[in-house]
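Everything below concerns the one structure shown next.
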Amino acid sequence: MPPGPAGWPVIGNILDMPSSHEWRTFAQWGETWGDIISVNLLGKPLVILNSSHVADEMLDKKSLIYSGRPVFPVCGEVIGWNRILAFHQYGPRWREIRRLFSQTVGSHNSLAQLTDDLEREADGFLGRVMANPTTLTQQVHRFTGASILKVTYGYTIEKENDELLRIVDTAMEQFSLASAPGAYLADAFSILTHVPPWFPGAGWKTTAQAWRKDLEKMCDIPYNFTKAQMRAGTASSSLVAINLEGDIDPQREAIIKDAASSLYAGGADTSVSAIRSFFLAMMRFPEAQRKAQAEIDRVIGSDRLPTVADREQLPYVRALCWEVLRWQPIAPLGIPHYLTQDDVHAGYFLPKGTVVIANIWKMLRDPKRYARPQDFNPDRFVPGQGAEPEYDPRQVVFGFGRRVCPGSQLAEMSLFLICAVSLAAFDISKPIVDGKAVEPSMEYTTGTISHPCEFQCSIKPRSAKVQALLSSSGDVRY
Ligand code: HEM
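For the sequence shown, position 224 matches number 224 in the working numbering, and the numbering has no gaps at all.
So this is what it looks like as structure tokens:
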């Protein structure tokens, strides 16, 4: 096995495992043990990869055997999240759901059909943020939730506190809690998943059963909405509507339903974190903000807002989005892969059943690939600056091999759009209290998806013209 901390008989390295922000500890271990580290958790091997080169060699080039997922006893089986693509084992059902994804959000054509909806949602976002900047986090949730509900179910959010959005977000919050490493003893001792809820110490099972019902609501309610719209002949185009046409057997219907909830589960929270990191970065790095605004003013002018179609003409704004993704990766450890056959790699023997984690956070701070990696510097990705652009973070941030994120193009498109329109419309800065700028917290939450902790932000329209137009209507493209 690859080297790693020594550990104890039977329990192995359980006591060495960090309880939060594991990516930082794994990066420190890398200083001692190198790019491939192994630990043993109660006899189960776990391998941590600290460099993108090694991840490419193993997870990409040998993806046939590195594309399984470990079983998550509580979150996956007891609560039921294993119906979602990210938790599926590699196989025909997984392949079919990926195919539906690629039809909906994976091709140039399919994405082109979504731009009008995204741009409309982005307009609404600007208007609501301008009216009440303190609701930024809520508006980011609404923008991403609305975009994905539209793509998946053809559902339009019409007002604040939308009931459907509440239902899906409730289940997603529960997912975050249930999937946190170490959340349940039963994840380590899966036999405990079989004890009844009344058994002493098994109170968690009652909660898990309630959460299972909430997950079912998340999958069923929006799906039934689209079916009802189809019966009434009023359904708009969406993943569900397109695929439910014609004669469908129950097995196929279950696949379509799970593909739809997988799209929501994969897309909503990730984009929320990315957009909030963008606002945080703009407060912390005003020079980058000004440079991006100057590019927008030069290329687009002030008579209209940027659109998705302007992407190619705005290389600095594009690079700024990539830097947001590199600077604070949303999924710092990705999702664990699972080795489905024995492998020998770089002289190490890795047995079937090894869980493999890519330390994406560390890879995106590799000083061999990124000059002064701690700095927020979009210029590192802008071509024609006298040096070759640095390593494209999208090769890492969206994961590896056959499991690579199937929503990456939609994610990039919506991040670009919201960054570009926000930069065109607003000046984003640290709030001033008693004459002093309030420094935002740079803390990020732990967990599969890492979010910036709550921060205050000053958001002001850049001109009276923008202000007038954003206040005038719900649809403010001009
Ligand atoms: C900036 C935003 C996003 C980031 C950084 C991101 C990152 C990732 C990463 C690291 C993985 C794990 C890949 C692996 O196992 O190696 C993943 C998987 C996945 N992502 Fe994303 N993602 C983002 C947005 C989205 C969006 C918008 C969607 C849906 C439209 C989505 C859907 C999924 C799904 C379904 C999987 C599981 C794929 C599988 O297991 O086969 N993601 N993502």
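Glycine included, every Cβ here is placed at the ideal spot set by N, Cα and C.
Spatial neighbours of residue i in its chain, beta-carbon cut-off 7 Å, leaving aside the 5 residues before and after
i: residue 460; result: 426, 427
i: residue 393; result: 322, 325, 326, 364
i: residue 269; result: 172, 449
i: residue 240; result: 152, 153, 223, 226, 256, 260
i: residue 216; result: none
i: residue 25; result: 18
i: residue 330; result: 270, 273, 274, 449, 450
i: residue 462; result: 425, 426, 427
Own chain, CB closer than 8 Å to residue i, minus 5 neighbours either side, in chain order
i: residue 117; result: 147, 150, 151
i: residue 376; result: 281, 284, 285, 288, 323, 327
i: residue 341; result: 65, 352
i: residue 374; result: 365
i: residue 310; result: 299, 300, 420
Sequence-distant residues of the same chain with beta carbon closer than 6 Å to residue i, five excluded per side
i: residue 265; result: 84
i: residue 23; result: 332, 333, 359, 361
i: residue 39; result: 4, 13, 46
i: residue 253; result: none
i: residue 29; result: 37
i: residue 229; result: 235
i: residue 430; result: 283, 437, 438
i: residue 485; result: No statement about residue 485 is possible, as the shown extent of the chain runs from 1 to 478 and does not include it.
i: residue 275; result: 140, 418
i: residue 21; result: 446
i: residue 242; result: none
Burial state of residue i, where buried means 16 or more other Cβ atoms lie within 10 Å
i: residue 177; result: exposed
i: residue 420; result: buried
i: residue 109; result: exposed
i: residue 346; result: exposed
i: residue 88; result: buried
i: residue 184; result: buried
i: residue 163; result: exposed
i: residue 205; result: buried
i: residue 433; result: exposed
i: residue 244; result: buried
i: residue 32; result: exposed
i: residue 72; result: buried
i: residue 232; result: exposed
i: residue 192; result: buried
i: residue 384; result: exposed
i: residue 195; result: exposed
i: residue 155; result: buried
i: residue 15; result: exposed
i: residue 114; result: buried
i: residue 95; result: exposed
i: residue 258; result: buried
i: residue 132; result: exposed
Test item: CB-CB of residue i and residue j under 8 Å
i: residue 52; j: residue 396; result: yes
i: residue 279; j: residue 453; result: no
i: residue 119; j: residue 308; result: yes
i: residue 470; j: residue 127; result: yes
i: residue 415; j: residue 271; result: yes
i: residue 106; j: residue 336; result: no
i: residue 130; j: residue 409; result: no
i: residue 50; j: residue 60; result: no
i: residue 344; j: residue 423; result: no
i: residue 70; j: residue 355; result: yes
i: residue 381; j: residue 390; result: yes
i: residue 494; j: residue 67; result: Residue 494 lies beyond the residue range present for the chain, which begins at 1 and ends at 478; the question has no answer from this structure.
i: residue 97; j: residue 357; result: no
i: residue 79; j: residue 211; result: yes
i: residue 74; j: residue 186; result: yes
i: residue 122; j: residue 143; result: yes
i: residue 27; j: residue 400; result: no
i: residue 378; j: residue 319; result: yes
i: residue 168; j: residue 203; result: no
Residues that DSSP places opposite residue i in a beta bridge
i: residue 429; result: 458
i: residue 286; result: Bridge partners of residue 286: none, in fact.
i: residue 480; result: Absent from the structure is residue 480, since the part of the chain shown begins at 1 and ends at 478.
i: residue 452; result: 444
Contained beta strand (DSSP E) runs [length at least 3] in the stretch 9-76, N- to C-terminal order
36-41, 44-49
May I have a chain-ordered list of the beta strand (DSSP E) segments no shorter than 3 residues that lie completely inside the stretch 289-338?
none
Can you list, in chain order, the stretches of the beta strand (DSSP E) that have 3 or more residues and sit fully within the stretch 138-162?
none
Sequence ranges, beta strand (DSSP E) only - wholly within the stretch 335-389, length at least 3:
343-345, 348-350, 355-358
Sequence ranges, alpha helix (DSSP H) only - wholly within the stretch 401-429, length at least 4:
408-425
Which ranges would you report for the alpha helix (DSSP H) in the stretch 227-279 if only whole runs of at least 4 residues count?
239-244
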